[in-house]
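Counting the sequence shown from 1 gives a position; my numbering is that position plus 2. Note that CB positions come from ideal geometry on N, CA and C, so glycine has one too. Data first, discussion second: the structure below is written as structure tokens.
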Amino acid sequence: MATVTRTSLLPAVEAFLAHEPLGLWIGGRSVAASSGQTLTTLDPGTGEPLARFADATAEDVDRAVASARDAFRQSEWARLPVNERSAKLHRFADAVESHRNELAQLESLDCGKILSQAEGDVDNFVQTLRYYADLAMHVQPRTVLAVRGHDAWTVRHPWGPCGFIIPWNFPFLLLGWGIAPALAAGNTVVVKPAEDTPLSTLFVARIAQQAGIPDGVINVVPGRGETAGAALSGHPGLKRMSFTGSPEVGRLVAEACGRNLVPVKCELGGKGAAVVFDDVDIPTTAQRLVEAITFHTGQVCCDATRWLVHEAIYDEFVEQCAERLRQVRVGHQMDSESQMGPVVNAKQQARVLSYLDKGVRGGAKLVLEGGRCDVPGNDGGFYVRPALLAGPLDNIAAREEIFGPVAYLGRFRNEAEAVALANDTDYGLANSVWTADLARAQRVAEAFDAGNGWINAHNVIVHGVPYAGVNKSGMGGGVLSPETLFDYWRSISVVRPLD
Ligand code: NAD
């Protein structure tokens with residue numbers, strides 16, 4: 003179906019996109035939606051169709067959960083000795099690595115991500131698989147309990163079928179963060195990718211099969227949120243659920259899981275602050291924050307979107323940021339000259355523009371205008387320019403998540419005021435503090451009312467360091483840490499009285 007020029011696409015990517023349509027992936031097979039309906043995913047850089055794919059119904063979700071349940075009960079996966087399961091996950095990681103370029107092209111095309119960033123996401127997926135495959139081998143499944151008069155221990159088992167609902171901004175990287183610990187612990191999974199970005203998930207399901215992951219262990223049900231997503235989050239056959247996306251949908255998913263008493267993890271939005279003190283190297287700090295806000299066109303949940311700057315350096319800092327943002331080359335995500343690609347779709351483009359408008363109507367000043375951006379040769383693409391707003395911090399553009407290359411500037415006079423302003427938000431995902439004084443950096447980072455506090459850097463994600471949000475940014479324990487692996491085991495206590 004594709005009409006975009008794809009001279010540079012790899013043959014395997016061409017072949018994959020030529021499927022008409024791409025099916026759901028259930029029990030190791032590509033199958034049509036029960037309704038026969040399809041959706042179309044677009045290239046955000048051109049606005050043109052990329053591929054058609056099956057639009058899963060509630061009935062299809064039911065089939066996928068049944069497949070995950072059967073694989074859990076009947077395949078070897080859950081009962082494999084942990085070293086054998088880990089070896090299989092390493093083989094899966096090897097296979098993903100060998101398809102790195104295809105996966106990166108699909109991801110870049112599908113979500114509008116700069117190609118080199120998509121390559122980084124594939125590498126991250128591989129690292130996540132390897133991290134949890136190795137970690138699982140170092141956990142004792144049995145813990146002996148020293149209690150008077152009893153022989154007692156606990157033993158860990160995988161739960162069974164686990165559900166994952168993924169957003170469109172990091173489809174492949176977040177798939178890894180979600181399913182790697184679940185698989186390493188011996189569970190089976192059903193994944194609902196976002197309707198804008200199903201391609202890398204459908205592609206990697208085939209790679210998993212070729213790498214020897216048993217059929218039914220990984221199932222994929224692309225489709226709309228209000229149908230496939232709602233059916234998955236309300237499915238009584240799931241044992242655990244993980245949702246990454248907006249707080250509004252997170253509430254719906256958590257409610258649906260609550261009705262079935264299914265434990266749920268929610269990784270939600272953010273409105274992070276960068277607190278910049280007057281002892282920083284101004285050009286370096288300005289450059290780093292410009293890189294952060296333009297990274298994936300600002301569609302990053304943990305981004306710094308409120309820049310709180312000490313009044314002594316405010317004017318110079320803002321001028322340096324604006325100058326750098328003016329130079330950012332906006333272009334098609336597969337063009338090696340581009341520094342910033344499009345946003346994901348027309349709705350997101352309209353959202354960014356509307357927040358600029360609402361912000362200004364609410365009293366903010368446009369320090370850097372931003373707005374719609376034309377990229378020659380890509381007329382239908384969803385492009386915006388970076389923008390800077392400044393003014394009172396109760397402005398709607400300073401309080402709500404915009405999810406675009408827009409930062410809101412505020413000034414502070416001292417440390418206490420800086421911390422109070424950073425914490426004056428409904429969200430609580432990630433903030434950063436920028437200063438040459440490391441004692442102050444530690445004090446401020448620890449005082450943030452958020453899941454993550456970063457020092458002299460932003461968007462710092464490390465395997466082994468818990469990544470989670472508080473308040474409107476999330477609940478349920480977070481991801482990427484050793485604890486995440488334990489979330490995917492249930493524990494049974496076994497006791498024998500000794501008299
Ligand atoms: P979204 O909430 O609109 O959609 C996320 C997923 O939920 C999609 O797969 C969608 O189809 C599905 N969905 C929609 N309605 C549903 C329903 N009624 N029931 C079940 N599922 C439904 O979010 P989005 O626009 O795709 O992503 C952007 C949001 O994700 C932002 O708020 C961003 O901050 C957040 N996010 C958070 C993290 C994190 O780790 N904290 C990471 C990435 C993105």
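Excluding sequence positions up to five before and after S493, its CB lies within less than 6 angstroms of the CB of T156, R158, all in the same chain and listed in chain order.
Burial state of P13 is exposed, judged by a 10 Å Cβ sphere holding fewer than 16 other Cβ atoms. With 16 or more neighbouring CB atoms inside 10 Å of its own CB, H312 falls in the buried class. Here R328 is not near G412, since their CB atoms are 8 angstroms or more apart.
Put simply, the region 316–336 touches the region 103–120. At least three CB pairs are less than 8 angstroms apart.
Of E197, Q211, A449, E16, the smallest CA-CA separation from G231 is found for E197. 8 angstroms or more divides the Cβ of L108 from the Cβ of V192.
C303 has its CB nearer than 7 angstroms to a heavy atom of ligand 1. At least one heavy atom of ligand 1 lies closer than 7 angstroms to the C-beta of G271. Not one heavy atom of ligand 1 lies closer than 7 angstroms to the C-beta of R401.
V330 sits away from Q322, with the two beta carbons spaced by 8 angstroms or more.
For L391, the closest of A400, F384, Y385, V67 by C-alpha to C-alpha distance is A400. Segment contact: the region 72–86 against the region 46–64, fewer than three CB-CB distances shorter than 8 angstroms; contact not assigned. If you draw a straight line from the Cα of V63 to the Cα of T199, it is about 18 angstroms long. Proximity of the region 138–148 to the region 213–223 falls short of the contact definition, fewer than three beta-carbon pairs being nearer than 8 angstroms. When the alpha-carbon of A389 is set against those of M139, R415, V320, the nearest one is in V320. In the three-state reduction of the DSSP assignment, H21 falls in the coil class. A straight-line Cα-Cα distance of about 43 angstroms links F166 and Y316. A distance criterion of 7 angstroms places the beta-carbon of K367 beyond contact range of ligand 1, judged by its closest non-hydrogen atom. Within the same chain, Cβ atoms closer than 6 angstroms to the Cβ of L240 are found at P163, G165, V264, the five residues on either side in sequence being excluded. S69 is the residue among A58, G47, G38, S69 whose C-alpha sits nearest the C-alpha of G30. DSSP links K367 through a beta bridge to A392.
With a 10 Å radius around the Cβ and a threshold of 16 neighbouring Cβ atoms, L91 comes out buried. Within 7 angstroms of the C-beta of S10 there is not a single heavy atom belonging to ligand 1. Within the same chain, L175 come within 6 angstroms of N126 by CB-CB distance, once the 5 residues on both sides are set aside. Where R65 is concerned, the enclosing alpha helix (DSSP H) starts and stops at 60–76.
The secondary-structure analysis by DSSP pairs T156 across a beta bridge with T145, S495. Under the three-state reduction of DSSP, E269 is assigned to strand. Counting of Cβ neighbours within 10 angstroms places D305 among the buried residues, the total reaching 16 or more. Where N221 is concerned, the enclosing beta strand (DSSP E) starts and stops at 220–222.
Per the Cβ contact rule, the region 182–190 is in contact with the region 479–488 (3 or more Cβ pairs under 8 angstroms). Contact between G406 and N433 does not hold, since their C-beta atoms are separated by about 19 angstroms, which reaches or exceeds 8 angstroms. Buried is the label assigned to E269, since at least 16 other Cβ atoms lie within 10 Å of its Cβ.
Secondary structure in the region 101–133: the alpha helix (DSSP H) runs of 4 residues or longer, each lying completely within the stretch, are 102–113 in chain order. Of all alpha-carbon atoms in L24, G379, V255, T246, the one lying nearest the alpha-carbon of R208 is that of L24. Shortest gap from the CB of F297 to any heavy atom of ligand 1: 7 angstroms or more.
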